[in-house]
Amino acid sequence: MPRLHGSHRLPASLLSLSWLMGSCGMGLGLATALSGSLSTARAATVTGTTTTSPAASKKTQARKSTSTTRHRPHAINARSAEHLTVHRTNTPLKRARASTSPVDIVTAQQLQRTGQLNVAEALARINPSITISAAGYDASALTSSIRLRGLNPNHTLVLVNGIRRHTTANISADSGPEEGSSPVDLNMIPPEAIDHIEILRDGAASRYGADGLAGVINIVLKKDVRSSDIDAQTGANAYNGDGWQYQFGFDKGLALGEDGYVNLAGQMYHTDHFIQKGLDVRTNRYDDPALSLAEETRQTLSLNFGKHFTQSLEGYGFVTYAHRHGEGFQDYRTPDTFPQYYPDGFSPIEAMEEQDYAVTLGLKGRLPAGFHWDANTTYGADDDHMTLKNSGSPAYYADYGTSPTKVRTERFKNEQWNNTLNISRRFAFAPGRSLDLSFGAQHRLEKYTIGAGEPASYYKGGLQGFAGLMPQNAGSWTRNVWAGYIDADFHPLRHLDVDFGGRYEHYTDSGNAETGKIAARYDVTKRFALRATISNGYRAPTLLEQHYSVLSVIPNGASASLPVSSAAASSLGAQRLKAERSTNASGGIVLEPVTNLHVSADVYQINIRNRISPGGSFQGSAAENAIALMGASLPGGLDPDNVTATYFTNGASTRTQGLDIMADYALKLHRYGSLNLSLALNLNRTRIHHLNTYADGSPILNAQQIGYLTTASPRSKIVLNAYWKLNRWNVNLRQTRYGETVNNVTYQDQAPAALQYSQSQFHRFVNTPAWLTDLEVGFQATKRIHLAVGGNNLFNVRPRRMPLENSYTGSLFYDNNSAGIPMTGGYYYGRINISL
1 MPRLHGSHRL PASLLSLSWL MGSCGMGLGL ATALSGSLST ARAATVTGTT
51 TTSPAASKKT QARKSTSTTR HRPHAINARS AEHLTVHRTN TPLKRARAST
101 SPVDIVTAQQ LQRTGQLNVA EALARINPSI TISAAGYDAS ALTSSIRLRG
151 LNPNHTLVLV NGIRRHTTAN ISADSGPEEG SSPVDLNMIP PEAIDHIEIL
201 RDGAASRYGA DGLAGVINIV LKKDVRSSDI DAQTGANAYN GDGWQYQFGF
251 DKGLALGEDG YVNLAGQMYH TDHFIQKGLD VRTNRYDDPA LSLAEETRQT
301 LSLNFGKHFT QSLEGYGFVT YAHRHGEGFQ DYRTPDTFPQ YYPDGFSPIE
351 AMEEQDYAVT LGLKGRLPAG FHWDANTTYG ADDDHMTLKN SGSPAYYADY
401 GTSPTKVRTE RFKNEQWNNT LNISRRFAFA PGRSLDLSFG AQHRLEKYTI
451 GAGEPASYYK GGLQGFAGLM PQNAGSWTRN VWAGYIDADF HPLRHLDVDF
501 GGRYEHYTDS GNAETGKIAA RYDVTKRFAL RATISNGYRA PTLLEQHYSV
551 LSVIPNGASA SLPVSSAAAS SLGAQRLKAE RSTNASGGIV LEPVTNLHVS
601 ADVYQINIRN RISPGGSFQG SAAENAIALM GASLPGGLDP DNVTATYFTN
651 GASTRTQGLD IMADYALKLH RYGSLNLSLA LNLNRTRIHH LNTYADGSPI
701 LNAQQIGYLT TASPRSKIVL NAYWKLNRWN VNLRQTRYGE TVNNVTYQDQ
751 APAALQYSQS QFHRFVNTPA WLTDLEVGFQ ATKRIHLAVG GNNLFNVRPR
801 RMPLENSYTG SLFYDNNSAG IPMTGGYYYG RINISL
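For the sequence shown, full-length UniProt numbering gives the first residue as 1, with consecutive numbering after it.
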C-alpha cells in the first residue's frame, strides 16, 4: 500500500470549492467555526441586555446593548456576542447556519425527546455522525464513549462552555474499535444542566489544541435565572423485562444581584443489568450473563454562575461533580472451576466506584485601545477504584486453605489543570469589512496515576476474572503542555468571510506541534453560500496509552496489555509511540431554496498518520514470556494458544472520506398546529492508506484490527425526524437507518481446533442494515405539568446473531463491537416534567 507523506492529495471537489472561495487562512477553531455560538451569547434575563457566555473564547468582548451590530447583507448574522451584540432573535441555530464550517446545534428539548437518559446515547439518536457501540466489555462497559465520523473516541475534543474538559481514567482495554480510548464521559454532566450542545464536524486543533481530529463537541450550560424544573422518567426493555431504568432531575436558576446568574442542576440515575443469555454449550443451560449491560447508579451535579463586578470586569465559573457505582458481569465459570466455594458455578462481577469533578474560575474585562482579555483556570479529575467480587482464586486456596471472594484490584486517576489567557480586539475598516483578532497562551498539566491492588488480587494470576495491578506496574506520570496561538476572522468583502489561525504547542514528553486552519465562506446570494476549510491536527499519545497495563484471565486463557515502554513490551518489539498527525479538508454548500427550508451538504476527508492502536496480538510462548517479564504469573492449565499479549503502537495511517447532508423544514399548519421535519445523513468510508510493519517486515495489524479501524462503524446513517405540535399535544417520530458494519471475529471454542483463537484467520461477520423506529407522545396536562410516553426501537430490532463457532461458549452471540443497533431491543418509558 502507498505510504503517507507530509502532504496528501485532496479530492478535486474540495480543491475546487476552496479555489472558488478565494484565499483562505487558518481556522479559528470551534468558536469561530460557530461564528461565536460555541461561546454562545445568552440574553440576560435580568436586565434584558445581551451578555456573553463564560466560555473561554478567542473573541471575548462584552458590548453594551447600544453597540453597532454588523450584519451580513446576504446571510443571517454569523457573529456572536463575543465581539458584538447579538439580539435575542439571533439564536445559536441561526449563527450555526451562517458559519464557515459545518456545525450542528442540539437543544435540551431535543435531547429529552429522544427518551434517552444519558447524554451520549441521546446525541447518537439525533446526529448521524455520532455512533456508539452495541455494548462494552468488562470495565469498558462502565464508561460511555462516542465515535464521530467513524473515528476513535480519542479523536473527539469535548468542551464545556468552550473550555477543555478532562478525560476519563478508565481506558477501554478490551479488543475492539474503541480499544485504547479514554474519552470524556459525557454522562458525567447532568442533562438538566445543558442549554444546548454544539457539534463542530471539523478539526479545531489550531484554537483548542490537540485531540479534535474528527471534530469538537461543546456543551453549553444553562444560565436562565428563571428556570425551576423537576423531571422524572422510568422505563425498561419490555421484551426481556429487565434493564429497568429510572431517573430524577432538577434545575434551578437564581439571579445574582442585578446582573448575575446562578444555575444549579442535578440528576440521580439508575439502570439495572440488561442480561441477554444464550445457551451455554458447556452446561446446556442459559446461565452465562456475560452478554449484558452494566448495572449503574449515578448522581451528578452542576453549578454555573457569573456576575459583572464593574462595567469592565466580569467573573464566571462552573463546577460539576459526579459519583458512579457500576457493576458488570464477566464470563460464567463452570462448577469445576472452584467447587470449594461455588459448587454451582459463578460469574465474577467487576465493580467500579468513580468520582468525577471539575472546577472552572475565570475573569474577563476590557483593556485600553479597545482590547478585551479573558483569563480562566480549570482543574478536573476522574478517580476510579476497581473491585472484583463474587470470585475467588483456586491457587490462593491451594496454598492457604482459603480465598478472598472480593478484592480491590486497582485504582486509576486522571487529572488535568488547564490555564488560558486570551486577548482580543475588533478592527472595523468600513461597513461590512472588519477584522476580529485574537491571540493568547495556554498551559495544561496532565497527571495519570495507577494504584496497585491488594496482594491477593495478583497472587499467581489473581482471582478468576482478571488480575489486580502489581506494585511494580503502579506509579504516577505527569507532563506539561505549553501553547501559543493567534486567530483572525477577516471580512475583506461584504459577502466573504475568511477565518485563519495558527498554533504552536510543546509537549514535554512528545515534542512540538504546529497546527493551523483556513476556513472561508462566500455568500453567492441571500439564499446560497459556499464554504470550505482545510486544517491540520495533532494528537499526542495519552499518558494512559503509554503506561496502562492489565492482565485478564478467563477459564481457558489469558490476555495482557503491556505498557509500551516496559521491558515486557520491548521483548515483543515495542517502540516509543509517535504522535498522530492529521490533515482535514471539507467543502460544501448552504442554501435556503424556500422560506424555512434549510439545507447544507459537506464533503470531507480526514487523513491521519500513525494511528495509535494495539499491536497485533502475540500468543503462545512469546506472550507467556512477556507476561512473566511483567512480574506476573498465570494459573496452571491454560491453553498456551489462548494466552495473548498486546501493546499500543503506531499501527497504520488511514483516510476517511464522507458526506454530510442536513435539512430541516418548519411548517405552520394553522388549526392543525405546527410540524418540524428534518433529515440528516452521514456517509463515510475509512481505508488503510499505509500499514506500518515490524522490523522483520510483517504488518503490525492483523485483519481483525484493520477491520476495527475501517468497517466497525456504519458506512451510512440516516435520521428522519418529525415533530408535530397541536394545542396541548405533541408527537415526535424518528426513523433511523444504520448501514452495514463488518467485523472479522475470532473463532472460539466451538470452531475446528485449527481455527480456535487464531490471530491470522477470522470469520467475516456482517451486520446488515436496519431501520429503527422511535415514537414519543406528550400531553400538557396543566400549565406546569407535561406528561410523555414513548418507545425507542419500537419494533424490537436486534443485531444479527453470530455463528456458534464465533460465539464464546455459545452464549456471547452478538457482536458487541458493531456500532449502532442496540442488542437490548425495544425500550419503553414514561416521563413527567413539572415547572415550579
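Using N, Cα and C, we set each Cβ at its ideal position, and we do this for glycine too.
Residue burial classification, residue i (beta-carbon count within 10 angstroms, cutoff 16)
i, result
"R226", "exposed"
"D384", "buried"
"F318", "buried"
"T824", "buried"
"S37", "Unreliable positioning characterises S37 in this predicted model, as indicated by a pLDDT of 39, which lies under 50. The coordinate reading is nonetheless provided below. So S37 ends up on the buried side."
"E776", "buried"
"R784", "exposed"
"A483", "buried"
"S835", "exposed"
"L14", "Model confidence at L14 stands at a pLDDT of 36, short of 50, so the residue's coordinates are unreliable and nothing is read from them."
"R687", "exposed"
"A623", "buried"
"S698", "exposed"
"V745", "buried"
"H155", "buried"
"A33", "Unreliable placement is indicated for A33, whose pLDDT of 36 sits below 50; the coordinate value is still reported in the next sentence. A33 is buried by the Cβ-count criterion."
"H813", "Rather than His, the amino acid found at residue 813 in this sequence is Phe. Buried is the call here."
"V594", "exposed"
"L551", "buried"
"Q311", "exposed"
"K526", "exposed"
"D331", "buried"
"G830", "exposed"
"K668", "exposed"
"H547", "buried"
"P289", "buried"
"G820", "buried"
Unbroken alpha helix (DSSP H) run spanning residue i, endpoints
i, result
"N625", "621 to 629"
"D399", "394 to 400"
"H547", "543 to 547"
"Q704", "703 to 710"
"Y208", "205 to 208"
"P492", "Here P492 belongs to no alpha helix (DSSP H); instead the beta strand (DSSP E) covers 475 to 493."
"residue 838", "Residue 838 falls outside the range modelled here, since the chain spans only 1 to 836, and no answer is possible."
"Y458", "455 to 458"
Host beta strand (DSSP E) of residue i (start-end)
i, result
"I606", "597 to 614"
"L221", "215 to 221"
"A722", "716 to 726"
"R655", "643 to 668"
"S633", "From DSSP, S633 is part of no beta strand (DSSP E); its letter is neither H nor E."
"Y829", "827 to 835"
Expected contact under 8 Å - CB spacing of residue i and residue j to nearest Å
i, j, result
"P128", "V742", "P128 to V742, Cβ: 19 Å. No contact."
"G810", "V281", "4 Å"
"P394", "F338", "5 Å"
"A204", "V220", "Actually they are not in contact, since the Cβ atoms of A204 and V220 sit about 16 Å apart, beyond 8 Å."
"N730", "G791", "Rounded, the Cβ-Cβ distance is 16 Å, inconsistent with contact."
"R479", "E446", "5 Å"
"S133", "N187", "About 14 Å; that fails the 8 Å criterion."
"T322", "R298", "Per the sequence presented here, residue 322 reads as Ala, with Thr not at that position. Confirmed, Cβ separation roughly 6 Å."
"R165", "A358", "7 Å"
"G502", "S99", "In fact, because the Cβ distance is near 20 Å, the residues do not count as touching under 8 Å."
Identified DSSP bridge partners for residue i
i, result
"H270", "Y246, T297"
"F412", "D384, I450"
"K307", "G260, G315"
"P431", "P431 is not bridged to any residue."
"F528", "T525, L591"
"K252", "S228, L264"
Distance cut-off 8 Å: residue i Cβ against heavy atoms of the ligand FMN
i, result
"I589", "As presented, the structure is devoid of all ligands, the ligand FMN included, so that no description of it is given."
Legend entry - Complete beta strand (DSSP E) runs within the region 781 to 808 (minimum length 3 residues, chain order): 785 to 792
Inset, instruction - Would you list, in sequence order, the uninterrupted beta strand (DSSP E) runs of no fewer than 3 residues that lie entirely inside the region 729 to 782? - result: 729 to 738, 741 to 745, 763 to 767, 770 to 780
Legend entry - 4 or more residues per run - each alpha helix (DSSP H) lying fully within the UniProt domain "TonB-dependent receptor plug" (97 to 216): 108 to 113, 119 to 126, 205 to 208
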